[in-house]
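Following: one structure in structure tokens, then a few remarks.
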Amino acid sequence: MNSALSPSGDTTDHEAPYSVWWDEPADQDPENPQNWSNGRKWGIITTLSVITFLTPLASAMFAPGIPEVMREFNTSNDMLATFVVSVFVLGFAFGPLLLAPLSELYGRTIIYHVCNVFFIIFLAGCAWANSMGMLIAFRFLSGFAGVAAVTCGSGSIADLMPPERRGGAMAIWSLGPLLGPVVGPVSAGFLVEAEGWRWVFWVIMIMSGTVTLVSFVVLRETYPPVLLERKAARLRKATGSDRYQSRLKPEGSRTECILKAIVRPARMFILSPIVMSMCIYIAILYGLLYVLFTTFTFVYQDIYNFSARGAGLSFISSGIGNLLGLATMGIFSDRIIRSRIAKGKEYVPEDRLSLYLTVPSALLLPLGLIMYGWTVENRVHWIAPMIGTGLVGFGMIGIVMSVQTYLIDSFPLHAASVTAANTVLRSLLGALLPLSGLEIYNKLGFGWGNTLFGILAFLLAPVLWVFSITGQRLRTNPKWQHDF
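Heads up: the sequence shown begins at 1 in full-length UniProt numbering, then just goes up one per residue.
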């Protein structure tokens with residue numbers, strides 16, 4: 001029975017016929033997600049991209065309504081005003097610690113569906129909030145539930161796409177998280193002015209409800225261990241033999257598997273120098289980016305005399321940089337992989353950190369930060385700081401895409417957990433660093449403040465290049481290989 005054979009087809013071991021794998025040849029088994037039609041694959045990826053668009057949208061779209069919230073709840077605490085926005089990102093930090101491990105135990109699709117429903121419920125709680133405390137609580141919970149697709153989406157792509165097509169798929173999926181923070185402030189300025197801050201949550205809730213209904217139709221389970229376990233269960237039922245077991249079934253009891261899954265993101269961060277270094281690097285960059293975002297309203301309203309609507313439009317420049325960087329990475333990342341394969345060379349994940357991809361991004365990011373700071377400091381025409389934030393957006397997405405695809409290619413079976421480790425740390429800094437970031441600008445000014453941030457980003461850039469050279473040796477060194 002081919003369906004029960006291991007990939008090698010070796011049946012000398014008496015247990016081999018009961019080791020459930022894909023039907024041979026594995027690259028033609030219709031149950032294997034990598035063999036599904038392009039229509040089904042891209043339908044799943046597009047749906048996930050829309051979901052991941054709505055979650056950051058809920059985070060950023062609320063920002064222009066803060067002055068109205070402060071007036072309604074009769075408070076003038078600036079730190080509280082910042083926290084009610086960033087607490088959503090704090091939910092992003094804690095959600096992956098639970099959702100990623102659960103997705104690797106019970107499958108990705110059930111996590112998407114449950115979290116989508118709770119996301120809608122918590123958005124309604126935000127819209128009905130009658131106190132600042134209630135609003136903060138539901139903002140945190142909506143971030144916690146909404147992060148599911150952000151955390152597990154990369155894992156779904158690893159399930160569906162071979163490495164030579166993964167970069168382009170990651171680019172499409174990344175459109176959501178990139179466009180959300182840009183579209184949110186632009187559209188919210190008009191919505192808040194016309195209907196009030198509560199309608200921000202009603203609008204997102206309506207859109208989320210629509211996408212959730214679509215997801216029930218489009219999304220399919222993609223995680224191989226879950227699919228193979230279902231296949232093994234069918235064989236056990238059909239034959240009456242309990243000896244059929246998935247080759248990817250985790251060892252240990254159910255309780256042991258759950259505990260191991262829950263601590264997996266933390267173990268990967270602590271035990272793998274690759275994961276730790278990449279996560280810290282991205283977290284620092286995200287913290288700097290969120291500090292930068294908190295200045296936009298003050299800069300364009302107070303210095304350049306933009307209206308509230310105009311200040312919201314200032315986010316477009318960063319979005320344009322993101323889109324250009326995304327297109328560049330999506331095209332050239334996979335092209336490098338295909339070129340190596342065509343030449344008969346072995347593909348390695350470190351190819352995602354190619355100097356051709358990472359050097360421009362790593363240099364443009366600090367350049368954009370410094371340009372933004374000094375053009376604002378010297379009151380140069382408003383187009384100049386927008387060009388600076390465009391460069392930041394281009395450099396940021398180039399680095400994030402390279403690192404994220406590198407980590408997924410390095411740990412494909414635990415892509416959700418390694419993404420969770422990355423998401424947790426960057427979300428913590430993204431939520432907490434802006435609370436003190438404005439104090440740095442108050443003391444140093446925009447010019448020297450952003451110069452400090454730019455130098456920091458520049459000094460961290462060699463991390464990418466070091467791992468592009470040494471990463472393979474670290475991954476294959478027995479000292480750093482662990483059973484995650």
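Ideal placement from N, C-alpha and C gives every residue a C-beta, glycine not left out.
Span separating the alpha-carbon of residue i from that of residue j
i, j, result
"Ser76", "Leu123", "24 Å"
"Leu235", "Leu102", "25 Å"
"Glu439", "Gly196", "30 Å"
"Phe62", "Ile262", "32 Å"
"Leu407", "Ser314", "32 Å"
"Gly325", "Leu48", "20 Å"
"Phe83", "Ala327", "33 Å"
"Leu141", "Lys345", "47 Å"
"Trp22", "Val359", "41 Å"
"Ala60", "Gly95", "18 Å"
"Ile270", "Trp202", "41 Å"
"Ala384", "Leu464", "29 Å"
"Val117", "Ile206", "12 Å"
"Gly240", "Ser253", "22 Å"
"Val183", "Pro478", "46 Å"
"Thr470", "Ser156", "28 Å"
"Trp374", "Trp448", "8 Å"
"Leu429", "Pro462", "21 Å"
"Trp128", "Arg267", "39 Å"
"His482", "Ser246", "21 Å"
"Arg338", "Ala158", "17 Å"
"His14", "Asp242", "A caution first: His14 carries a pLDDT of 38, below 50, which makes its placement in the model too unreliable to give a value."
"Val380", "Ile370", "13 Å"
"Asp29", "Ile341", "23 Å"
"Trp42", "Phe73", "45 Å"
Continuous alpha helix (DSSP H) stretch holding residue i: start and end
i, result
"Glu256", "254–271"
"Leu324", "315–342"
"Phe467", "462–476"
"Ser402", "383–410"
"Leu413", "Segment: none, Leu413 is in no alpha helix (DSSP H) and carries neither H nor E."
"Ala362", "355–377"
"Val226", "224–239"
"Arg71", "66–72"
"Ser76", "Here Ser76 belongs to no alpha helix (DSSP H), and DSSP marks it neither H nor E."
"Met132", "132–146"
CB contact check: residue i to chain B, cutoff 8 Å
i, result
"Ile282", "No chain B is part of this structure, which consists of one protein chain only."
Reduced DSSP secondary structure (H/G/I, E/B, other) of residue i
i, result
"Ser307", "coil"
"Ser215", "helix"
"Gln28", "helix"
"Ser246", "strand"
"Val19", "According to the sequence displayed, residue 19 carries Ser and not Val. It is a strand residue."
"Phe446", "helix"
"Thr11", "With a pLDDT of only 34 at Thr11, under 50, the local geometry of the prediction cannot be trusted, and the value read off the model is given with reservation. Reduced to three states, the DSSP call for Thr11 is coil."
"Trp36", "coil"
"Asp483", "coil"
"Glu251", "coil"
"Pro162", "coil"
"residue 486", "Residue 486 is absent from the model: the chain starts at 1 and stops at 484."
"Phe196", "The sequence as given places Gly at residue 196; Phe does not occur at that position. Of the three classes helix, strand and coil, the one that applies to Gly196 here is coil, per DSSP."
"Met61", "coil"
"Val348", "coil"
"Ala129", "coil"
"Val380", "coil"
"Glu221", "coil"
At least 3 beta-carbon pairs within less than 8 Å: the segment 330–348 vs the segment 161–174 | The segment 330–348, when compared against the segment 161–174, does touch it at the 8 Å Cβ threshold.
Contact between the segment 357–369 and the segment 457–464: three or more CB pairs below 8 Å?
-> Segments in contact, yes.
Spell out a yes or no on whether the segment 390–401 and the segment 350–365 are touching, meaning 3 or more CB-CB pairs, one atom from each, closer than 8 Å.
-> A contact exists between the segment 390–401 and the segment 350–365.
What are the complete alpha helix (DSSP H) segments, minimum 4 residues, inside the segment 89–127?
-> Entirely contained in the segment 89–127, the alpha helix (DSSP H) runs reaching 4 residues are, in chain order, 108–127.
contact_flag[the segment 154–164, the segment 423–443] where n(CB pairs < 8 Å) is 3 or more = Segments in contact, no.
Tell me, please, whether the segment 218–226 touches the segment 32–43 by the rule of three or more beta-carbon pairs shorter than 8 Å.
-> Judged by Cβ distances under 8 Å, the segment 218–226 makes contact with the segment 32–43, as three or more pairs qualify.
Any chance the segment 141–158 sits against the segment 100–118, with 3 or more Cβ pairs inside 8 Å?
-> Yes, the segment 141–158 is in contact with the segment 100–118.
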